[in-house]
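Its first residue numbered 1, the sequence shown is counted upward by one per residue in the UniProt record's numbering.
Glycine included, every Cβ here is placed at the ideal spot set by N, Cα and C.
In this text, all values refer to a predicted model and were calculated from it rather than measured experimentally.
Single-structure report; data block below.
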Amino acid sequence: MSQDKYKILIVDDSPFSQSIIKNSLQEEHFHVIGMASTGYEGIQRYRELKPQLVTMDITMPDMDGLECVRRILDIDPDAKIVMISSMRDLDLIKRAHALGIAHFLQKPFPPEELNRLALNILRKREQTQQDAHVFAEVFRQALQDSLATLLSASVTLSELSEQEAEYASLGIAVVIGITGDRAGKMILDCAPETALATACRILRKDSVDDQEMRYAVAEIGNIIAGHGVSRINDRIGGGNLRLTSPSILCGKVGIINPKMIGFRTTAQTGEGPWNLLVGFGGASGGR
Numbered sequence: 001m002s003q004d005k006y007k008i009l010i011v012d013d014s015p016f017s018q019s020i021i022k023n024s025l026q027e028e029h030f031h032v033i034g035m036a037s038t039g040y041e042g043i044q045r046y047r048e049l050k051p052q053l054v055t056m057d058i059t060m061p062d063m064d065g066l067e068c069v070r071r072i073l074d075i076d077p078d079a080k081i082v083m084i085s086s087m088r089d090l091d092l093i094k095r096a097h098a099l100g101i102a103h104f105l106q107k108p109f110p111p112e113e114l115n116r117l118a119l120n121i122l123r124k125r126e127q128t129q130q131d132a133h134v135f136a137e138v139f140r141q142a143l144q145d146s147l148a149t150l151l152s153a154s155v156t157l158s159e160l161s162e163q164e165a166e167y168a169s170l171g172i173a174v175v176i177g178i179t180g181d182r183a184g185k186m187i188l189d190c191a192p193e194t195a196l197a198t199a200c201r202i203l204r205k206d207s208v209d210d211q212e213m214r215y216a217v218a219e220i221g222n223i224i225a226g227h228g229v230s231r232i233n234d235r236i237g238g239g240n241l242r243l244t245s246p247s248i249l250c251g252k253v254g255i256i257n258p259k260m261i262g263f264r265t266t267a268q269t270g271e272g273p274w275n276l277l278v279g280f281g282g283a284s285g286g287r
């Protein structure tokens, strides 16, 4: 059944090359859902068909393939693209890499090479999506455990939900990068009054100033991220995830993180709600 196969869009101005690429793809794994002969047509067909992988020619009548790739990535930063062209010089490869495209085949190519490459890309994407959900669940538990211990109180959580690319902060956000085998980011966010009340409770003070509040929120974020990353490293065995230093954002700003597979949960405490957003990109090695 075609719905169980990976959906492919072929963008190439040569009907002959379109046929070769289509015939090279094994029917048991792939379903070519569309073809485009120009860059503009390729962009439009990507919007309409939402393929899982695109093969992209370099030379087309209206724009070069790299410009078409750039515009597709504006639509979907997680688009999976294989460049296929008779040209394959170092400058082209460098420009493709600058866009985040790591896969480049030169015509003619053995059919098994395209099949192997496409399967590797798409199966890695599936594994990345599965891992991102598992990792987010680990961070969700770290959020609950850490806040419950710091506040000496029960903490309830909402279920994980997929996070939109843009998020509007409640007022105080801690942003911590995740590096190593998987690139990622954790954002811990709350309203200023929640941060103040939480800092007072943890420090056992009647009041705190803004600097103490920011230090408290940064350290809470650091603790949650540290617990989450440590548990993931133990879970995957010999994991190599590490954290960057926390950054504090103040004000109701928009936070954009389009290249991550992101999830969101909310912890309800007596001092107010805390939103946790955690996202992971693919394993190292490019798009």
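> Gly-270 and Ala-153: beta carbons closer than 8 Å?
Replying inline: yes
> Touch check for the stretch 98-109 and the stretch 75-89: three-plus C-beta pairs under 8 Å?
Replying inline: yes
> How is Glu-27 classed by DSSP in three states: helix, strand or coil?
Replying inline: coil
> Assuming Arg-204 and Val-138 make a contact with CB atoms under 8 Å, what is their CB distance in whole Å?
Replying inline: The pair is not a contact, with the Cβ atoms about 30 Å apart (cut-off 8 Å).
> For the 8 Å Cβ check, are there 3 or more pairs between the stretch 215-228 and the stretch 193-204?
Replying inline: yes
> If you follow the alpha helix (DSSP H) that Asp-234 is part of, which residue opens it and which one closes it?
Replying inline: Here the alpha helix (DSSP H) through Asp-234 covers 210-236.
>> In whole angstroms, give me the CA-to-CA distance for Gly-65 and Arg-231.
In response: 42 Å
>> Assuming Asp-189 is part of the alpha helix (DSSP H), what are its boundary residues?
In response: It is not in any alpha helix (DSSP H) - Asp-189 instead sits in the beta strand (DSSP E) that spans 182-190.
> Where in the stretch 84-118 do unbroken runs of the alpha helix (DSSP H), each at least 4 residues long, occur, reported from the N-terminal end onward?
Replying inline: Listed in chain order, the complete alpha helix (DSSP H) runs (minimum 4 residues) inside the stretch 84-118 are 90-98.
> Three-state secondary structure (DSSP) at Ser-17?
Replying inline: helix
>> Restricting to Cα atoms, I'd like to know which of Leu-147, Glu-112, Leu-249 is closest to Asn-23.
In response: Nearest neighbour of Asn-23 by Cα position, chosen from Leu-147, Glu-112, Leu-249, turns out to be Glu-112.
> Going by C-alpha distance, which of Pro-15, Lys-7, Gln-44, Cys-190 is nearest Gln-26?
Replying inline: Lys-7
>> Nearest by alpha-carbon distance to Ile-20: which of Val-69, Met-35, Tyr-40 is it?
In response: Met-35
> Leaving out five residues before and five after Arg-214 in sequence, what residues of the same chain have Cβ atoms less than 7 Å from its Cβ?
Replying inline: Ile-248
> Mind checking Asn-120: buried by the 16 CB within 10 Å criterion, or exposed?
Replying inline: exposed
> Hey, how far is the Cα of Phe-263 from the Cα of Arg-47?
Replying inline: CA-to-CA, the gap between Phe-263 and Arg-47 works out to about 24 Å.
>> Looking only at its chain, what residues have a beta carbon closer than 6 Å to the beta carbon of Ile-187, apart from the 5 residues adjacent to it on each side?
In response: Ala-173, Val-175, Leu-277
> Which whole-angstrom value is the C-beta distance of Asn-240 and Asp-181, which I expect to be below 8 Å?
Replying inline: Yes, they are in contact, since the Cβ atoms of Asn-240 and Asp-181 sit about 5 Å apart, within 8 Å.
> Tell me the DSSP bridge mates of Leu-243?
Replying inline: Ile-178
> Can you name, in chain order, every residue of its own chain whose Cβ lies under 8 Å from the Cβ of Asp-206, other than the five neighbours on each side?
Replying inline: Cys-200
> CA-CA distance, Asp-12 and Met-60?
Replying inline: 7 Å
>> For Ala-148 and Asp-189, what's the separation of their Cα atoms in angstroms?
In response: Going by C-alpha positions, Ala-148 is about 17 Å away from Asp-189.
>> Rounded to the nearest angstrom, what separates Ser-161 and Ala-216 at their Cα positions?
In response: 27 Å
> Excluding the five sequence neighbours on either side, which residues of its own chain have a C-beta within less than 8 Å of the C-beta of Asp-131, listed in chain order?
Replying inline: Arg-182, Phe-280
>> Is the beta carbon of Thr-38 closer than 8 Å to that of Asp-62?
In response: Going by beta carbons, Asp-62 and Thr-38 fall inside the 8 Å limit.
>> Tell me the rounded alpha-carbon separation between Cys-68 and Arg-95.
In response: 13 Å
> Once you ignore the five residues that flank Ser-86 on each side, which residues in its own chain have a CB closer than 6 Å to its CB?
Replying inline: Lys-107
> Taking all protein chains shown into account, do 16 or more other C-beta atoms lie within 10 angstroms of the C-beta of residue 292, making it buried, or fewer, making it exposed?
Replying inline: Given that the chain is displayed from residue 1 to residue 287, the structure contains no residue 292 and the question cannot be resolved.
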